[in-house]
Amino acid sequence: MAAERLSMRTIGEILRLKWEKRLSNKQIAQSCNIARSTVRDYVERAGRAGLRWPLPADLDDGSLEALLFSSVPSAEPGQRELPAMEYLRRELTRKGVTLRLLWLEYRQANPEGYQYSQFCLRYRRWSGTLDVSLRKTHRAGEKLFVDYAGQTIPVTDPVTGQTREASLFVSALGASSYTFAWASFSGDLPSWIEAHVRAFAFYGGVPEIIVPDNLKSGVTRPCTYEPDINPTYHEMARHYGTVVIPTRVAHPRDKAKVESAVQVAERWILAALRNHTFFSIEELNRAVAVKLRELNDRPFQKMDGSRRSLYETIDRPALKPLPATAYEYAEWKKARVNIDYHIDVDGHYYSVPYQMVRQQVDVRLTATTVEVLFKNRRVAAHPRSGLRGKHTTLTEHMPKAHQKYLEWTPSRIIEWAGRNGPHTRTMVQCILESRQHPEQGFRSCLGIIRLGKRYPPERVEAACGRALLLKTYSYRSVESILKTNLDKQALPESAAPEKPILHYNIRGREYYQQKEADHA
18 MAAERLSMRT IGEILRLKWE KRLSNKQIAQ SCNIARSTVR DYVERAGRAG
68 LRWPLPADLD DGSLEALLFS SVPSAEPGQR ELPAMEYLRR ELTRKGVTLR
118 LLWLEYRQAN PEGYQYSQFC LRYRRWSGTL DVSLRKTHRA GEKLFVDYAG
168 QTIPVTDPVT GQTREASLFV SALGASSYTF AWASFSGDLP SWIEAHVRAF
218 AFYGGVPEII VPDNLKSGVT RPCTYEPDIN PTYHEMARHY GTVVIPTRVA
268 HPRDKAKVES AVQVAERWIL AALRNHTFFS IEELNRAVAV KLRELNDRPF
318 QKMDGSRRSL YETIDRPALK PLPATAYEYA EWKKARVNID YHIDVDGHYY
368 SVPYQMVRQQ VDVRLTATTV EVLFKNRRVA AHPRSGLRGK HTTLTEHMPK
418 AHQKYLEWTP SRIIEWAGRN GPHTRTMVQC ILESRQHPEQ GFRSCLGIIR
468 LGKRYPPERV EAACGRALLL KTYSYRSVES ILKTNLDKQA LPESAAPEKP
518 ILHYNIRGRE YYQQKEADHA
């Protein structure tokens, strides 16, 4: 059966998780929103193609597609005495340690001790007395469970007296239950990502797997078999070298750890702060941090130690180190390249190579930059602009026919217009001076120049005069006057077109001289 064709980005992620993270096919399928058989097929194809991780830096999407589709301590001695149950549970969180291994070590020190079945029975009876979140054994440093508490906290504006509800993000490590909490006014994607970045810094390391509930901020489309991970969330996980595997829908035991952590946080943090009035989110988080320390230091009721002691001895040594820099928040969008080889991002227009007209591209947005990617390869990068309706254009993105505009200078255009008449000169100068950059008015001015090829020069001059009178400084206005023959009507004797007084920030003659000097 033919393999399901996936995007090259997804294929690269499959190979990273398999060869670098060494995850099972089931875990990879959950993370990448695909079937296990598809994971197995692509791993086998990559193996037959002789690929290894990391993939070669010069291997683009096309080449990759062609390659794939071308063809422990001993127990305390003592007759029939079992080791401490807390010790067994702690050892089971270590990688590769099983009850059978612990039993063999126990029998080596206690030849007359319990048989394996009785050894397991007694341990399971003991573990059954623990809270539900503690019964399931999690490997050290393996999983971080994350969610929001259902209860919110009011924060009062000291000026207006109005209150806003803050949400509490809660996370817990699987092996130690070591808990982190942080409040924010929103549960949107930026707050969700910031909460994770703060959590990793709090833990001083990174787990192998992040386990969120099917929250919309992290999971775009919840599904038992194929949850769709938000692209920004996915990118953050890649930055930290971890992977996101959401809980299954309607499987509460998958998230028992974080549900217990949320319940404990609501009881020992939110309830404990119920009588406090907070006047800022910063003040609230300082109070949360104090209660959080008390929570993590509080001894367990049914076993030895505390969350902090288990974290220090079990989870912390097993966590992966933090990257050199924290993740910078970025959003991902899709855009279609318009016929003018620009894409629209929040009302501003950014250029891409003109050969990509009508192609769909991925856009990565940070607070300062706009990156455009096509088939997972960057094709353009610009500083981010908040000016709506404006353009950011790189010369190398222009076709040759458009680059010829750069041969024109403001003085050259104004000089030509002056040969046609004073009204034409004034119109062109007004168009140039009304733009933030004169180049943005070149196309309109050149359009007026071309009108001289369709209409007699005196008509163009008259049309510019009427447009100046109406204070409509554009090519479309002059063209409309010519088409409707309004230029043939006499102007009122009292109406003499004058060059308008422009805004204080409009450039003068010195600006154009400097622009021409820079151009030279």
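Position in the sequence shown counted from 1, then plus 17, gives you my numbering.
We put the CB at the ideal spot given by N, CA and C, even for glycine.
Any idea which residues DSSP pairs Tyr195 with across the strands?
-> According to DSSP, which records beta bridges pairwise, Tyr195 is partnered with nothing at all.
Kindly indicate which three-state DSSP category Asp321 falls into: helix, strand or coil?
-> Residue state, collapsed to three classes: coil.
Within 10 angstroms of the Cβ of Gln44, are there 16 or more other Cβ atoms? Answer buried if so, exposed if not.
-> The residue in question, Gln44, is buried, as its Cβ has 16 or more Cβ neighbours within 10 Å.
Do Arg141 and Leu99 have their C-beta atoms closer together than 8 Å?
-> By the CB criterion at 8 Å, Arg141 and Leu99 fall outside the cutoff.
Would you tell me roughly how many angstroms separate the C-alpha atoms of Tyr344 and Ser144, rounded to the nearest one?
-> Distance from the CA atom of Tyr344 to the CA atom of Ser144, rounded to whole angstroms, is 39 Å.
Pick from Asp205, Val223 and Glu103 that is closest to Pro340, judged by C-alpha positions | Nearest C-alpha to Pro340: Val223.
Thinking just about the alpha-carbon of each residue, which of Phe136, Pro338, Arg310 and Gln318 is nearest to the one in Arg325?
-> Here the closest residue by C-alpha is Arg310.
Would you report the Cα separation of Tyr529 and Lys350, rounded to the nearest angstrom?
-> Bear in mind that a pLDDT of 48 at Tyr529, under 50, signals an unreliable position, so the number given afterwards is only what the model happens to contain. Rounded to the nearest whole angstrom, the CA to CA distance from Tyr529 to Lys350 is 38 Å.
Determine the contact status of Ile498 and Arg483, defining contact as a CB-CB distance below 8 Å.
-> Annotated as proximal: Ile498 and Arg483, with beta-carbon spacing under 8 Å.
Glu388 to Arg394 span [Cα, whole Å] = Those two C-alpha atoms are separated by around 10 Å.
Proximity winner among Ala479, Asn355, Ala166 and Leu206, relative to Glu283 (alpha-carbon distances) = Considering only Ala479, Asn355, Ala166 and Leu206, the residue with the shortest C-alpha distance to Glu283 is Ala166.
What's the C-alpha gap between Glu37 and Arg255?
-> Rounded to the nearest angstrom, the two C-alpha atoms are 12 Å apart.
Using beta-carbon positions only, say whether Tyr367 and Ala347 come within less than 8 Å of one another.
-> No. Outside cutoff.
Between the stretch 321-335 and the stretch 353-369, are three or more C-beta pairs nearer than 8 Å?
-> The stretch 321-335 is not in contact with the stretch 353-369.
Strand pairing of Arg394, partner residues [DSSP] | Looking at the DSSP output, Arg394 bridges to Phe391.
Bridge partners of Pro400, per DSSP?
-> DSSP links Pro400 through a beta bridge to Thr386.
Check whether the Cβ atoms of Leu336 and Tyr220 lie closer than 8 Å to each other.
-> Yes, they are a contact pair.
With DSSP run on the structure shown, which of helix, strand or coil describes Ile523?
-> Residue confidence for Ile523 is low, a pLDDT of 44 falling below 50, so the modelled location carries little weight and cannot support an answer.
Spell out the partners DSSP gives His408 in its beta bridges.
-> His408 pairs with Tyr366.
Who are Ile227's beta bridge partners in DSSP?
-> Residue pairing of Ile227 in beta bridges, as defined by DSSP: Leu161 and Val261.
Cut-off 7 Å between Cβ atoms - residues of its own chain near Ser461, not counting five sequence neighbours on either side | Excluding positions up to five away in sequence, the list reads Ile448, Ser491 and Tyr492.
Going by DSSP, which residues form a beta bridge with Arg381?
-> In DSSP, Arg381 forms a bridge with Trp349 and Glu388.
Assuming Asp164 contacts Pro229 (C-beta within less than 8 Å), just tell me the rounded distance between them.
-> Confirmed, Cβ separation roughly 7 Å.
Boundaries (first-last residue) of the alpha helix (DSSP H) holding Ala480 = Ala480 -> alpha helix (DSSP H) spans Pro474 to Leu487.
The stretch 180-189 / the stretch 198-206 touching (three or more Cβ pairs under 8 Å) = Contact between the stretch 180-189 and the stretch 198-206 is present, because at least three Cβ pairs lie under 8 Å.
Which one of Ser41, Asn127 and Glu103 has the shortest CA to CA distance from Arg53?
-> The candidate whose alpha carbon is nearest that of Arg53 is Ser41.
Beta-bridge partners of Leu185, as assigned by DSSP = Its beta-bridge partners are Ala200.
Would you decide whether Gly403 is buried or exposed? Buried here means 16 or more other CB atoms lie within 10 Å of its CB.
-> The C-beta of Gly403 has fewer than 16 other C-beta atoms within 10 Å across all chains shown, which makes the residue exposed.
In DSSP terms, what Val172 is bridged to = Beta-bridge partners of Val172 (DSSP): Arg181 and Phe295.
Three-way DSSP call (helix, strand, coil) for Ile360 in this model | In this structure, DSSP gives Ile360 an extended state, which the three-state scheme calls strand.
Residue interval of the alpha helix (DSSP H) (run including Glu276) = Counting along the chain, the alpha helix (DSSP H) containing Glu276 begins and ends at Ala273 to Ala282.
If you count every other CB in all the chains shown that lies within 10 Å of the CB of Trp70, and 16 or more means buried, which is it?
-> Exposed, by the Cβ-count rule.
Can Leu84 and Met25 be called in contact, C-beta distance under 8 Å?
-> No, they are not a contact pair.
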